[in-house]
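The structure under discussion appears below in the form of structure tokens.
Protein chains: 2
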Amino acid sequence: MVNQVQRGDGSWGSRSDSSAASNSGGDSSKESSRCSTPVLDADRTDRLRHKMRRRMESGDHWFSLEFFPPRTASGAVNLISRFDRMGSGGPLFIDITWHPSGDPGSDKETSSMMIASTAVNYCGLESVLHLTCCNQSKDNISRHLSKAKHLGLKNIMALRGDPVGSDWEEEEEGFNYAVDLVKHIRSEFDDYFDICVAGYPTGHPEAHSYKEDLKYLKEKVAAGADFVITQLFFRAETFLKFEEDCRAIGITCPILPGIFPIQGYQSLRQLVKLSKLEVPEEITRVIEPIKDNDAAIRNYGIHQALEMCRVLLDSGRVPGLHFYTLNREVATMEVLRQLGMWQEDPRRPLPWAVSAHPKRKVEDVRPIFWASRPKSYIYRTQDWDEFPNGRWGNSSSPAFGELNDYYLFYLKSKSSKDALLQMWGEELHNERSVFEVFTCYITAQPNRKGQQVMCLPWNDEPLAQETNLLKDELERVNTRGVLTINSQPNINGKPSTDPIVGWGPPGGYVFQKAYLEFFTSSENVSALLKVLKKYEPRVNYHIVNVHGRNLTNAPDMQPNAVTWGIFPGREIVQPTVVDPVSFMFWKDEAFALWIEQWAKLYEDESPSRMIIKYIHDNYFLVNLVDNDFPLDSCLWQVIEDMFELLQTGLDALGALDIGDALGALDTGDALGALDTGDALGALKTGYELGALDTGDSGASGGTLRTQDSVTDGPVSQ
Amino acid sequence: MVNQVQRGDGSWGSRSDSSAASNSGGDSSKESSRCSTPVLDADRTDRLRHKMRRRMESGDHWFSLEFFPPRTASGAVNLISRFDRMGSGGPLFIDITWHPSGDPGSDKETSSMMIASTAVNYCGLESVLHLTCCNQSKDNISRHLSKAKHLGLKNIMALRGDPVGSDWEEEEEGFNYAVDLVKHIRSEFDDYFDICVAGYPTGHPEAHSYKEDLKYLKEKVAAGADFVITQLFFRAETFLKFEEDCRAIGITCPILPGIFPIQGYQSLRQLVKLSKLEVPEEITRVIEPIKDNDAAIRNYGIHQALEMCRVLLDSGRVPGLHFYTLNREVATMEVLRQLGMWQEDPRRPLPWAVSAHPKRKVEDVRPIFWASRPKSYIYRTQDWDEFPNGRWGNSSSPAFGELNDYYLFYLKSKSSKDALLQMWGEELHNERSVFEVFTCYITAQPNRKGQQVMCLPWNDEPLAQETNLLKDELERVNTRGVLTINSQPNINGKPSTDPIVGWGPPGGYVFQKAYLEFFTSSENVSALLKVLKKYEPRVNYHIVNVHGRNLTNAPDMQPNAVTWGIFPGREIVQPTVVDPVSFMFWKDEAFALWIEQWAKLYEDESPSRMIIKYIHDNYFLVNLVDNDFPLDSCLWQVIEDMFELLQTGLDALGALDIGDALGALDTGDALGALDTGDALGALKTGYELGALDTGDSGASGGTLRTQDSVTDGPVSQ
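So the protein lines, in turn, are chains B and Y. Numbering that gives the first Met the number 0 applies: residue 0 is where the first sequence begins, and numbers increase by one. Numbering that gives the first Met the number 0 applies: residue 0 is where the second sequence begins, and numbers increase by one.
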């Protein structure tokens, strides 16, 4: 691209190339001297209609996916996981239907409004919220639209909706047709929303004629709709004729065919009944004989949809395909895969999941701590007015929202209590039982009960690909009570297109400093603090317990960039930092997860619960950064040195407590401020807790036996 | 260092370690969510008294240098060069004396005020401005102090000064003694200034007694002085006794001995007369016999000062040494070198010369264009309220100040008109004559007249060390009319302590993208634009002529970071960018230098002047960035390809003009906006100018013979 800049009367005008201007990320109007986040992905900030235009200009077909809101909260949790999985295939947008009878605009976790909001904010998906206007007051509609805007929704599918009851009549001044809703949106919200309307390839069932229905569609577009999605149909020529007829009467906006892969006999019958469509004979002829064979019907559905999509795409008149998923994954994904439209390796714009809320479009840095809990981070920062773009600093972090309710539905574990107990142990015997859970998670080996540990309170997903690179080292330290919850390898300039660690536009280079975050006992921390003196200033550390004592060698409490990228023609991007201030907010969450997600699985006062509670009360949360990213990470050696010091100092270990370790650091003022008494108190509690040990053939003594694990070697499975 | 952070009632307090707080760079109080520049060098932002305290705590001796204002403007230019040279040795501060008879507070380039301001703002030196109060009105003194504050001066040496005439009497309410001035500063300016006062190891000549004089000193310190510098003395024991006596009466602030290396017989006699001191016999005995041998006296002076300094430092009672330089370099530098206190390899806090103005303490990014003209950049941005910390962007550059007067004394060439003519040619014959000047500058070879070309209008210093790395390539392209004015090699992670390319604190890694900036003819640019298509998106370019046409492939006009550093425990620092917006301001300056510094050396209408004017009117200024910093720079290959295209396209070259070249780019809108007519007009002017060719045996035809140089090979010297 060649840009042309011309100087006006002493001041600099905007670019004369107006089409390029729309690609600029929308920041060109900002006047601040220090704004201008280097937006790496123009798509991130554009509105849907612009994304469509750009894709059409480049001849790049897209797809979109329709979902309906679930009935139950656990259905919602599942649907959100589905959003994450199907979002990774690269839909241009998804849309969420509106069910007037289901309180669709409420704050319930199953409402259309909240599901769409979750898709935008937590899953980073461009989303279209359906809205029906039939039998609704203007106030009510405006309230829904205002709420949608406030939640970060930017697109509305404007529908009439089915009248409630059969005695529906047009109201004067009311919303009688979708066109009234389109006009209302444009008059009340100006150009804020992108608007989609429905097209009926065989005419709306209630329309007097196909031709009259086309006229209505033209009115809807003229009133301000940006694009059209059609009702489902069964023959490609049905759509192609419709599209031709639309163009003939002057409808110029994108018209997207609605594709319905037949997924079962019953669902087909139901849909056809609702939409008053006729299934062509060539289809009924095939499926009637196999109507009890779900797999066969689904295979046929995939085949039929695929053939139809190919004809549509080949016609050159279809910029994108819209799928009625019925909240299922397999058929749609399979059609898209076979069409080559499913992104097998979607490029990440940033190393973390980007939210699609317009307010967050300048967000370009996050603390690493929430790497496995991005939804929690978004939730806790949702009230921020701006995001610290590239600059975290002393007292510069806005307040994090409290995590009062750990059972907020989108932070909930995807697994049931029973499943969690099977993975994490129905009965814990001592700290070692906990070490084993961590080790099984890391190694993907089944636990003693033969169950795979698929998640931990801090990690609701299986290990990330890049974490797999560290698997052996992680296993070794977890068996010995270094309970890792977050880590990344060092990366010294891999291409930005690297399938495992790459992110951002092509042609760049990405870098990382090695990072390791874990819980470990106070004895281990005592030894670790001594060991870390050898690694100054190469290794930065933050060590904190549940009471908020924070030991660190971070200079001036400044953030440490641990992920950054260098791209052609851009400023440096540093999307992930270890920020000392936000670490203290993360610490609250990280410690609370022990209790909220794990301890509470067990009965009050039960030994299992007391063991988790003991860890919560006495362990430290540690993070380590190896600043020397071009060299092999030294963090594993740091841990080895810690174990070695514990082992060689075994005799003296009785005398070694956290106070001594700190004394050895010769920290002057810092030491004075540290109430070592409390820490020692906590150790005592530990020994008392030893009485709770319920006995385990593999272990002896009190619960504080991290030392044992040093000499015992890895836990046997 | 171990920091301790404790959580208050929901909000984060400041660090409990108050001594660490003073090292924090002063940003901890900022409430903005996006401020907090990662200040790499705490020294940069601290006040002088804190720097002293830190140096004393770490037992790190410092030195400081005293200068007096010069009499003439050219003396000022020389003194400023001296500041740069002596500043590189690492003085903790310099001080500038105040001469009441010389209009010291005026805006004259030779005034004490302006010299001190230049030292702070343009040379980045912590500076102390002397101020005398005798016979001055309060208003006058306050005006001087306000002006000093406004100019960025932060330290005052408060002196009484010598009364004018012999009939001086104490005034009621007036400034009779230095202590009155100290009180006035503290009452009018609170704690803003750090204040120094003078101590007299043998008592002030006008004091009634040594003891009474000590009492006056104690009063000055009690009134608010932060440290003491003593009058010169000739024996270490004189100072040590004085220091002991000061401590005995309760003076606790730093007391710095004033060291005067004897540099000549006359200057010694004069100083002794003015200060009413007696030269000890052991000294006069040595120097009287050699009083006509300047070298011998200076050698003795160095020896004598060195011995005295050693005794002082060994006493353990002297934190730093203050040198009365008499505006000379050699003796002071030699003493400091032999003491091991002269920094041979001063660490650069950033890749460019940091200004010491308090307003600029957050400055951490600059456009690369002013790399060789840092004083010009500081001058043109002196009115900025804030500096774009790490984020330049579209329309985010504050307005650059106009460079109306190219003869502002600190932007003036250090060389005289005659010297410049000798270097750049008393008579130019054609463009080739200009190529030769550039080539001689790059190679450090003498020109045809046997003169070394020590500077160019865009480079007032010999080549930077890192540029030397590119010498061969630069020579090759300059001989062929690619007239380079700025360049840097690519660097892929060298240690921050690297003597040539390193900067910032130790333990870090620095990176650069290869950069090349040059003037070249429109024919060359036509070919270059074709060649650059092959190098997309690896190479970013900006190409502009004097009329402001800017051809670029920079995405969204965003800045491109070309120097960055990764440091332990820090955010990424990106101190140098190629910023498309500021490039257009630089372009004005870069083109103007052809006329102001070069063409104007020649008579109006003279062929030499017309040749420079032709280049000014018709050449393009080009900058190229190779984004692929881990690979060998491709920029030299780009230039080679350009020459090759010019050569192979020799037959078609008649038809090749800038319009065609742009047409070949198929740039659509960008092309439409480009008025190719003008560019062609400029070419025509060129051919007309051919008539001015004054004939040179080595060249034939019109002045537009860049092609010739392609076939002729390098210019012979």
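Backbone N, C-alpha and C fix where the C-beta goes; we use that ideal spot for every residue, glycine too.
Quick test of the definition: if touching needs 3 or more C-beta pairs under 8 Å, does the region 496 to 516 of chain B touch the region 562 to 569 of chain B? Yes, they touch.
Listing by chain order, which chain B residues have their CB less than 7 Å from the CB of W563(Y)? What W563(Y) touches in chain B: I571.
Check this for me: beta carbons of R569(B) and Q557(Y), under 9 Å apart or not? With contacts defined by Cβ atoms closer than 9 Å, R569(B) and Q557(Y) form a contacting pair.
Would you mind working out which of N489(B), A157(B), D45(B) sits nearest D631(B), comparing C-alpha positions? Checked all of N489(B), A157(B), D45(B); the closest Cα to D631(B) is N489(B).
Buried or exposed: which applies to P606(B), given that a residue is buried once 16 or more other Cβ atoms fall within 10 Å of its Cβ? Counting the other CB atoms within 10 Å of its CB gives P606(B) a total of 16 or more, which places it among the buried residues.
Three or more beta-carbon pairs under 8 Å between the region 621 to 629 of chain Y and the region 493 to 501 of chain Y, yes or no? No, they do not touch.
Work out the CA separation of A72(Y) and A690(Y) for me, nearest whole Å. The predicted position of A690(Y) is uncertain, since its pLDDT is 32 and thus under 50; no value can be drawn from it.
Taking the CB atoms as reference points, tell me whether I93(B) and I155(B) lie closer together than 9 Å. No, these two residues do not count as a Cβ contact at 9 Å.
Pick from L320(Y), E535(Y), L528(Y), T438(Y): whose alpha carbon is nearest that of R54(Y)? It is L320(Y) whose Cα lies nearest to the Cα of R54(Y).
Is the beta carbon of I258(Y) closer than 9 Å to that of A304(Y)? For the 9 Å CB-CB criterion, A304(Y) and I258(Y) form a contact.
Can you tell me whether DSSP reads F619(B) as helix, strand or coil? Three-state result, F619(B): strand.
Check whether the region 140 to 153 of chain B and the region 111 to 129 of chain B touch, using three or more Cβ-Cβ pairs below 8 Å as the test. Judged by Cβ distances under 8 Å, the region 140 to 153 of chain B makes contact with the region 111 to 129 of chain B, as three or more pairs qualify.
Using the three-state DSSP reduction, which class does S63(Y) fall into: helix, strand or coil? Strand.
Under 8 Å, with one C-beta from each stretch per pair, do the region 77 to 84 of chain B and the region 305 to 317 of chain B reach the 3-pair mark? The region 77 to 84 of chain B vs the region 305 to 317 of chain B: no contact.
So the alpha helix (DSSP H) H149(B) belongs to, where does it begin and stop? Element bounds for H149(B): 137 to 149.
Touching by the beta-carbon criterion (3+ pairs, under 8 Å), the region 216 to 236 of chain Y and the region 174 to 189 of chain Y: Contact between the region 216 to 236 of chain Y and the region 174 to 189 of chain Y is present, with at least three C-beta pairs closer than 8 Å.
Could you check whether the Cβ of A513(Y) sits closer than 9 Å to any Cβ belonging to chain B? False, the Cβ-Cβ gap to chain B never drops below 9 Å.
Which residues mark the beginning and the end of the beta strand (DSSP E) in which Q342(B) is found? Run containing Q342(B): none; DSSP gives neither H nor E here.
With a threshold of 8 Å, are at least 3 pairs of Cβ atoms found where one atom belongs to the region 541 to 550 of chain B and the other to the region 323 to 341 of chain B? Verdict: no, contact absent.
Is it a yes or a no for the region 469 to 484 of chain B touching the region 427 to 443 of chain B, going by three-plus beta-carbon pairs under 8 Å? A contact exists between the region 469 to 484 of chain B and the region 427 to 443 of chain B.
Can you find a CB in chain A that lies within less than 9 Å of the CB of Q450(B)? Absent here is chain A; the protein component of the structure consists of chains B and Y.
Proximal residues of chain Y, C-beta to C-beta of N544(B) below 7 Å: Result: empty, since nearest Cβ-Cβ is about 12 Å, beyond 7 Å.
Exposure of P90(Y), with buried meaning 16 or more beta-carbon neighbours within 10 Å: Counting other Cβ atoms within 10 Å of its Cβ, P90(Y) reaches 16 or more and is therefore classed as buried.
Ordered along the chain, which non-local residues of its own chain (more than five positions away) have a Cβ less than 8 Å from that of S495(Y)? So the list reads G501, W502, G503, P504, P505, G506, G507, Y508, V509, G564, F566, once near-sequence residues are dropped.
To the nearest angstrom, how far is the alpha carbon of F192(Y) from that of K153(Y)? So the alpha carbons of these two residues sit roughly 5 Å apart.
Going by the CB atoms, is the gap between K586(Y) and V543(Y) shorter than 9 Å? Note that the C-beta distance between V543(Y) and K586(Y) is below 9 Å.
Under a CB-based cut-off of 9 Å, is F510(Y) close to chain B? At a cut-off of 9 Å between beta carbons, F510(Y) contacts chain B.
Taking E328(Y) as the reference, which of R84(Y), P554(Y), W97(Y) has the closest Cα? The shortest Cα separation from E328(Y) among R84(Y), P554(Y), W97(Y) belongs to R84(Y).
Which of helix, strand or coil DSSP assigns to R569(Y): Residue state, collapsed to three classes: coil.
By how many angstroms is the C-alpha of R297(B) removed from the C-alpha of D291(B)? Distance between the alpha carbons of D291(B) and R297(B): 11 Å.
V576(B) versus chain Y: which residues are under 9 Å apart at the beta carbon? Simply E570.
Quick one: does V4(Y) have its CB under 9 Å from some CB of chain B? Low local confidence applies: a pLDDT of 31 at V4(Y) is under 50, so the model's placement there is unreliable, and no value is given.
From this set, R142(Y), V196(Y), I140(Y), which residue's C-alpha is nearest L158(Y)'s C-alpha? Just measuring C-alpha positions, the residue of R142(Y), V196(Y), I140(Y) sitting nearest L158(Y) is V196(Y).
Closer than 8 Å is the cut-off here; do at least three beta carbon pairs connect the region 244 to 251 of chain B with the region 279 to 286 of chain B? No: fewer than three Cβ pairs fall under 8 Å.
Indicate the three-state DSSP secondary structure (helix, strand or coil) for R54(Y) in the structure shown. If DSSP states are grouped into helix, strand and coil, R54(Y) belongs with the helices.
Using three-state DSSP, classify Y323(Y) as helix, strand or coil. Of the three classes helix, strand and coil, the one that applies to Y323(Y) here is strand, per DSSP.
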